[in-house]
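Undergrad:
Protein chains: 2
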Amino acid sequence: MISKLGYAILAMLARQPSTGYELSARSRRPIGYFWSARHGQIYPELRKLLDAELVRFSAGPGPGPREKKVYSLTETGLEALHEWVLQDPAPAESGRDELLLKAYSIWTADPAGAQELFAGQVRRHQDRLAEYEADWELVESRHQDGPPPVSDPDFGSYATLRCGIDYECQRIAWLTWMCQQLAGHRPG
Amino acid sequence: MISKLGYAILAMLARQPSTGYELSARSRRPIGYFWSARHGQIYPELRKLLDAELVRFSAGPGPGPREKKVYSLTETGLEALHEWVLQDPAPAESGRDELLLKAYSIWTADPAGAQELFAGQVRRHQDRLAEYEADWELVESRHQDGPPPVSDPDFGSYATLRCGIDYECQRIAWLTWMCQQLAGHRPG
DNA sequence: CTTGACTATGTCTGTTCTGACATAGTGATG
DNA sequence: CATCACTATGTCAGAACAGACATAGTCAAG
């Protein structure tokens, strides 16, 4: 059985053959927007994918004591990705959000301090929104005549960035609303 | 060091003393909206919290071969929660979203099948939105004269539900947009 | 000429989390 | 009368994940 991380790696390799190092960099940005992994997880996973013959690599001299390996998908690997993409995800989708957990217990805290906490989060999400928007414009600049065609890898970026931007806007609005609620309820 | 799950449990116990079983039920709904845990995780965590003297319990006869234990916060436990709530969460916040991972690779798939996938998701999120809204009205009915005061546990529910409702609306809008994109690009 | 950042590969320990196993009483449905 | 869902507590194996350890070359800034 291929893990979700395995599919995340296949998804990245389908776009661009990469080394494990590059995969871990891409798993910070732009893939990190909705998936992340450290290299300590990626190298063992690449080994598993290799054993399952879903990826292959071509080796060359590397900067360190070991060889540099550029991985790419095999035909089986592309098929596995292709099949997985349309499968309905399990309804589990727990979603662990530390800030919401704090918000749930915010009644135990001092409103002024709470306002600070949420104001800080507004800034953090505004920064992220700016990143997403920069990436969005980059993708758009490659397709002046409307959105990218659905068979173009750029359509995947376009779609996920749209979601990310909408999400950040929603979250900023909620955080701002929280600040107002916390301010409004204080005397004065 | 208390884990995030530990704080989630403290947050629940601060509102209502509960058995481990009840905690796992509450961690499906309503806490499950932003945090979840199985009982296989909760019982060992309760033990840790007990050893740290953050919770206590009163035992009585249970339905199974073991005693039923109703847990509640100690003063130290409430203090620990109180302190944690205002701490700025680590910027890690990876966020793993399987559907976005699929969307990212949607260019490898057949648009008609993809549309089905996203349409199914629209239905799922509409159901969840309905749940949130029902809970929202429940909370509002307890506070006809405006929002609950910030020192009321209901304010925590109110705030997190507001976020959940906004999030579901945003996600439904995006999923619908995806369906349109996938439809618009097909010939005919 | 030293320090630090970047490229690049790997391992290892400990924590978190999932899913299954195990036990047992009550009450409802068929 | 059997089967199933619910209440209730726990354990255990294994997967997933974070963070540190380990190695080594290049290149830029101070």
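Heads up: the protein sequence lines correspond to chains A and B, in order.
Reminder that position 26 of the first sequence reads as 68 in our numbering, one-by-one numbering, no gaps.
Reminder that position 5 of the second sequence reads as 47 in our numbering, one-by-one numbering, no gaps.
Glycine residues also receive a C-beta, built at the ideal position from the N, C-alpha and C atoms.
If I follow the unbroken beta strand (DSSP E) through F99/B, where does it start and stop?
TA: As a first step, residue 99/B is located in the second sequence; it is residue number 57 there, counting from the start. Its beta strand (DSSP E) spans residues 97-102.
Undergrad: Got a sec? Which residues, its chain only, sit under 7 Å from G230/A by beta carbon, not counting five neighbours each side?
TA: Your numbering for residue 230/A matches position 188 in the first sequence. Its pLDDT being 45, under 50, G230/A is placed unreliably in this model, and the value from its coordinates should be taken loosely. Around G230/A: no qualifying Cβ.
Undergrad: How would you label A172/B, buried or exposed, when you count the other beta carbons within 10 angstroms and need 16 or more for buried?
TA: On the second sequence, residue 172/B is found 130 positions in, with the first residue counted as 1. Answer is exposed; the Cβ neighbour count stays below 16.
Undergrad: With distances taken from CA atoms, which of H167/A, Y75/A, S60/A is nearest A100/A?
TA: Taking the first residue of the first sequence as 1, we reach residue 100/A at position 58. One detail in the question is off: residue 100/A reads as Ser in this sequence, not Ala. With distances taken between Cα atoms, S100/A lies closest to S60/A.
Undergrad: Quick check: the segment 89-100 of chain A against the segment 112-128 of chain A, are there 3 or more CB pairs under 8 Å?
TA: Yes: at least three Cβ pairs fall under 8 Å.
Undergrad: What are the residues of the segment 140-165 of chain A that lie near chain B, defined by any Cβ-Cβ distance shorter than 7 Å?
TA: Flagged, chain order: E140, L141, L142, L143, K144, A145, Y146, S147, I148, W149, T150, A151, P153, G155, A156, L159, G162.
Undergrad: When the Cα atoms are used, what is the spatial distance from D169/B to A176/B?
TA: Here residue 169/B refers to the residue found at position 127 of the second sequence. Here residue 176/B refers to the residue found at position 134 of the second sequence. Each residue's alpha carbon lies about 11 Å from the other.
Undergrad: If you check the beta carbons only, do P195/A and R57/A fall under 8 Å apart?
TA: Residue numbering aside, residue 195/A sits at position 153 when the first sequence is read from its first letter. Residue numbering aside, residue 57/A sits at position 15 when the first sequence is read from its first letter. Contact flag set, yes.
Undergrad: Please confirm whether D208/B has its beta-carbon closer than 8 Å to some beta-carbon of chain A.
TA: On the second sequence, position 166 is the one that residue 208/B refers to. So, interface residue.
Undergrad: Using 8 Å as the threshold, is the C-beta distance between Q212/B and D208/A below it?
TA: Taking the second sequence and counting its residues from 1, the one referred to as residue 212/B is at position 170. Taking the first sequence and counting its residues from 1, the one referred to as residue 208/A is at position 166. Yes, the Cβ-Cβ distance between Q212/B and D208/A is below 8 Å.
Undergrad: In the DSSP output, which residue or residues are listed as bridge partners for K32/B?
TA: Residue 32/B lies beyond the range of chain B shown here (43 to 230); nothing can be said about it.
Undergrad: Taking Cβ positions only, does D169/B come closer than 8 Å to chain A?
TA: Mapped onto the second sequence, residue 169/B falls at position 127. No, no contact with chain A.
Undergrad: To be precise: take each residue of the segment 76-88 of chain B, compare its Cβ to all Cβ atoms of chain A, and keep it if any distance is under 7 Å. Which residues remain?
TA: Cβ contacts with chain A come from F76, W77, S78.
Undergrad: Look up S60/A in the DSSP assignment and give the residues it is bridged to.
TA: Taking the first sequence and counting its residues from 1, the one referred to as residue 60/A is at position 18. Y113/A, per the DSSP bridge assignment.
Undergrad: With a cut-off of 8 Å, does the C-beta of Q212/A fall near any C-beta of chain B?
TA: Taking the first residue of the first sequence as 1, we reach residue 212/A at position 170. So yes, Q212/A belongs to the interface.
Undergrad: Would W216/B be called buried (16 or more neighbouring beta carbons within 10 Å of its own) or exposed?
TA: Along the second sequence, one-based indexing puts residue 216/B at 174. Answer is buried; the Cβ neighbour count reaches 16.
Undergrad: Check whether the segment 186-203 of chain B touches the segment 146-166 of chain A, counting contact only when three or more Cβ pairs, one atom from each stretch, lie closer than 8 Å.
TA: A contact exists between the segment 186-203 of chain B and the segment 146-166 of chain A.
Undergrad: With D196/A as the anchor, note down where its alpha helix (DSSP H) starts and where it stops.
TA: By 1-based counting over the first sequence, the position of residue 196/A is 154. Unbroken alpha helix (DSSP H) run through D196/A: 195-226.
Undergrad: Among the candidates G137/B, W126/B, C205/B, whose CA atom is the shortest distance from the CA of I214/A?
TA: Position 172 of the first sequence, counted from the start, is the residue given in the question as residue 214/A. Closest option to I214/A, Cα to Cα, is C205/B.
Undergrad: Any beta carbon of chain A sitting closer than 8 Å to that of A215/B?
TA: Counting from 1 along the second sequence, the entry for residue 215/B is found at position 173. So yes, A215/B belongs to the interface.
Undergrad: Beta-carbon of Y49/B versus every beta-carbon of chain A: anything under 8 Å?
TA: On the second sequence, residue 49/B is found 7 positions in, with the first residue counted as 1. Y49/B counts as touching chain A.
Undergrad: Is it right to say M54/A is buried, meaning 16 or more other beta carbons lie within 10 angstroms of its own, or is it exposed?
TA: Taking the first residue of the first sequence as position 1, residue 54/A is located at position 12. Classification for M54/A: buried.
Undergrad: Along the alpha helix (DSSP H) that carries Y153/A, what are the first and last residues, could you check?
TA: For the purposes of this step, residue 153/A is taken as residue 111 along the first sequence, with counting starting at 1. Residue identity differs from the one stated: residue 153/A is Pro in this sequence, not Tyr. It spans 153-183 - the alpha helix (DSSP H) in which P153/A sits, taken as one unbroken run.
Undergrad: For R80/B, does the count of other Cβ atoms within 10 angstroms reach 16, so buried, or fall short, so exposed?
TA: One-based indexing of the second sequence puts residue 80/B at position 38. Exposed, because fewer than 16 other Cβ atoms sit within 10 Å of the Cβ of R80/B.
Undergrad: Starting from V97/B, find everything on chain A with Cβ-Cβ shorter than 8 Å and list it in chain order.
TA: The residue given as residue 97/B occupies position 55 in the second sequence. Within chain A, no residue comes near V97/B; the closest Cβ sits about 15 Å away, beyond 8 Å.
Undergrad: Check the Cβ-Cβ distances between D177/B and every residue of chain A, and say whether any is below 8 Å.
TA: By 1-based counting over the second sequence, the position of residue 177/B is 135. False, the Cβ-Cβ gap to chain A never drops below 8 Å.
Undergrad: Go ahead and pull the three-state DSSP assignment for G188/B.
TA: The residue labelled residue 188/B in the question sits at position 146 within the second sequence. Note: G188/B maps to coil in three-state DSSP.
Undergrad: Would L128/B pass as a contact of A145/A if the rule is Cβ separation under 8 Å?
TA: Stepping through the second sequence from its first residue, residue 128/B is reached at position 86. Stepping through the first sequence from its first residue, residue 145/A is reached at position 103. No, these two residues do not count as a Cβ contact at 8 Å.
Undergrad: Taking only the alpha-carbon atoms, compute the straight-line gap between L180/A and Q186/A and give it to the nearest angstrom.
TA: The count along the first sequence starts at 1 and reaches residue 180/A at position 138. The count along the first sequence starts at 1 and reaches residue 186/A at position 144. So the alpha carbons of these two residues sit roughly 11 Å apart.
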